[in-house]
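For the sequence shown, position 180 (counting from the first letter as 1) is numbered 181 according to the numbering used here, and the numbering increases by one without interruption.
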Amino acid sequence: MTIEELLDQFYSDLILVKRHAQKTAETYRISVSEFLYWLQSERIKLSDVKAQNITYFLVKRKTQGCNEITIAKDISGLRALGDFLERKEYWDENVALLLERPKTIHALPKVLSQEQVDALLDSIDTSDLCGKRDSALFELIYSCGLRISEACGLLLANVHLDEQIILVHGKGDKERLVPFGGRALEKLKFYLEEVRPLLTKGKNIPEVFVNYKGEAISRKGVWKRFKELEALSGVSAKVHTLRHSFATHLLQGGADLRSVQELLGHSDLATTQIYTHVTNEQLEKAHEKYFPR
Numbered sequence: 002m003t004i005e006e007l008l009d010q011f012y013s014d015l016i017l018v019k020r021h022a023q024k025t026a027e028t029y030r031i032s033v034s035e036f037l038y039w040l041q042s043e044r045i046k047l048s049d050v051k052a053q054n055i056t057y058f059l060v061k062r063k064t065q066g067c068n069e070i071t072i073a074k075d076i077s078g079l080r081a082l083g084d085f086l087e088r089k090e091y092w093d094e095n096v097a098l099l100l101e102r103p104k105t106i107h108a109l110p111k112v113l114s115q116e117q118v119d120a121l122l123d124s125i126d127t128s129d130l131c132g133k134r135d136s137a138l139f140e141l142i143y144s145c146g147l148r149i150s151e152a153c154g155l156l157l158a159n160v161h162l163d164e165q166i167i168l169v170h171g172k173g174d175k176e177r178l179v180p181f182g183g184r185a186l187e188k189l190k191f192y193l194e195e196v197r198p199l200l201t202k203g204k205n206i207p208e209v210f211v212n213y214k215g216e217a218i219s220r221k222g223v224w225k226r227f228k229e230l231e232a233l234s235g236v237s238a239k240v241h242t243l244r245h246s247f248a249t250h251l252l253q254g255g256a257d258l259r260s261v262q263e264l265l266g267h268s269d270l271a272t273t274q275i276y277t278h279v280t281n282e283q284l285e286k287a288h289e290k291y292f293p294r
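Structure representation (structure tokens):
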């Protein structure tokens, strides 16, 4: 069996058997590919791999400039490979489980002020169809705290304008109901009624947001449009920054952590708690700036 054939089988197993998200499966495949080709260069048979060999591989990755987050992803990918090989009875045991993940330093997410969000969204040129679409797209991403993949995959059948709610298909095939605000309703309704039909030209496209060809918009397409907004507005951010800002603005407005967790689709409350650190940091800065002593 070639390396590519093994990678294909491993990837299919991650998607179909382990039910991992596509992005996770792709990340694991990349890590495992690096490892398998390293084994080939070192003339080490896959059946002879020991924990020590994996350790040497990770040390090499470290010397190549990989940070702790990348190494942690590599270890997760190799553990998944070991599980696959053990189930296929190619390995007697999953030797990758002997490795410990490095402790990673989690940087606080970048958050925009409400004024910066307004400047970013107001910079959209709505003189053409794609600009009108972008206005609805990025307003909805901010109003609902969507991931790019969730916005791109949003279906017409899951948009309920009267109730101002969308059904979001998130990570790990999890679904959640998310309400959206008045500005998002106004822009989304205009896009669906006046703009989208002109873009699709009668095509039966299930996704809400489409490109200039009338086909479902891609993540790459969204990233490209957002980079243009950065240049126009002068606000430095990423699309995902809108999601971070959504969560932080909710907490600043008095929303409880559990509600924000549900709106974001986090399975673990600890993931949501990072936004409390952001607001605490802002409180400390405000205290330092305004407190006289």
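For glycine and all other residues, C-beta sits at the position ideal for the given N, C-alpha and C.
The way I'd put it, the segment 114–121 does touch the segment 220–240; three or more beta-carbon pairs between them come closer than 8 Å. Distance between Asp93 and Glu5, taken at the CA atoms: about 23 Å. For the pair Tyr143 and Lys111, the Cα-to-Cα distance works out to about 14 Å.
Checking the DSSP bridge columns, you'll see Pro180 partnered with Ile166. Here Ala256 is not bridged, per DSSP, to any residue. In this structure His21 is buried. Its beta-carbon is surrounded by 16 or more other beta-carbon atoms within 10 angstroms. The segment 188–198 makes no contact with the segment 222–231: fewer than 3 CB pairs, one atom from each, lie closer than 8 Å. Cβ-Cβ separation between Phe11 and Phe36: approximately 11 Å, too far for a contact (criterion under 8 Å). Segment contact: the segment 169–180 against the segment 197–212, fewer than three CB-CB distances shorter than 8 Å; contact not assigned.
Gln165 is positioned such that its CB atom lies closer than 8 Å to that of Phe181. Beta-bridge pairing by DSSP links Val209 to no other residue. Around the C-beta of His245, 16 or more other C-beta atoms lie within 10 Å, and the residue is accordingly described as buried. If you draw a straight line from the Cα of Arg148 to the Cα of Val18, it comes to about 25 Å. Excluding residues up to 5 positions away in sequence, Leu168, Val169 and His170 lie with their Cβ nearer than 8 Å to the Cβ of Glu176 in the same chain. Of the residues assessed, Ala137 falls on the buried side of the cut-off, its CB having 16 or more other CB atoms within 10 angstroms.
Close CB contacts of Leu99 within its chain, under the 6 Å cut and outside five residues either way in sequence, are with Ala52 (chain order).
Residue range Arg220 to Ser234 is occupied by the alpha helix (DSSP H) that includes Lys225. Taking the Cβ atoms as the reference, Val196 lies roughly 13 Å from Leu141, outside the contact range of under 8 Å. For Gly171, there is no enclosing alpha helix (DSSP H), as DSSP marks it with neither H nor E. Pro198: member of the alpha helix (DSSP H) spanning Arg197 to Thr201, first to last residue.
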